[in-house]
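Take the sequence shown: its letter number 93 is residue 405 in our numbering, and every next letter is one higher.
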Amino acid sequence: MFGQDRTELRQMFFTSWKKHQNKQLMEPLEAVVAKIIELHPEYHALFENEASELDKDYTPEMGQTNPFLHMAMHISIQEQLSTKRPAGIDQLHQSILSNNKDPHETEHLMMECLGKMLWEAQSQNKTPDENDYLNCLKSYI
């Protein structure tokens, strides 16, 4: 999405939110980012503290979800749906959505599977397994 630079990724969130609040023209990706932030009012206060949040670490020991990772995963899922990749993702999304009727919660369920797939790949130093991901999504149908 933005490369591997954490600061660059976070800066995109701050810039998108500022443009949204000031009703400025945004690039398509900035509009997606702003919409994701809008759906997460619990994170709005952090966007008032760019200097302290830009390089802040979020670790499991802190007991907090990393808000930037959380929102980036929403963006990743929306990108998967728009590109229909991996194959079958759009049908699985529709099936899960039919069951719970809430688009945002549907993405949260999908994020559980995405996070699991990425964690397993990273911890085993291997390529993420799309079949495992799709099978996990099927468990929500």
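Glycine is no exception: its CB is placed at the ideal position from the N, C-alpha and C atoms. Values in this document were obtained by computation on a predicted structure and should not be read as measured data.
At the level of alpha carbons, what is the spacing between residue i and residue j?
i      : j      : result
Leu446 : Ser364 : 37 angstroms
Gln333 : Leu381 : 22 angstroms
Tyr452 : Leu426 : 13 angstroms
Ile387 : Leu321 : 12 angstroms
Leu358 : Leu351 : 14 angstroms
Pro415 : Gln406 : 9 angstroms
Glu360 : Trp431 : 31 angstroms
Met313 : Ser328 : Low confidence applies here, because Met313 scores a pLDDT of 49, under 50, leaving its location unreliable; read the following figure in that light. Going from the Cα of Met313 to the Cα of Ser328 covers about 15 angstroms.
Met338 : Met324 : 11 angstroms
With DSSP run on the structure shown, which of helix, strand or coil describes residue i?
i      : result
Asp317 : coil
Tyr445 : helix
Thr418 : helix
Pro398 : coil
Gly375 : coil
His356 : helix
Counting along the chain, where does the alpha helix (DSSP H) carrying residue i start and finish?
i      : result
Lys347 : 340 to 350
Ile389 : 379 to 395
Leu409 : 401 to 412
Ser364 : 362 to 365
Considering only C-alpha positions, which residue in the set the options is nearest to residue i?
i      : options                        : result
His356 : Leu337, Phe326, Leu393, Ala343 : Phe326
Ile401 : Met423, Glu360, Ala343         : Met423
Asp444 : Thr418, Met383, Ala399, Lys347 : Ala399
Arg397 : Glu442, Lys450, Leu341, Asp317 : Glu442
Thr418 : Lys438, Pro372, Lys450         : Lys450
Arg318 : Pro340, Lys368, Glu354         : Lys368
Does the beta-carbon distance from residue i to residue j come in below 9 angstroms?
i      : j      : result
Leu404 : Asn412 : no
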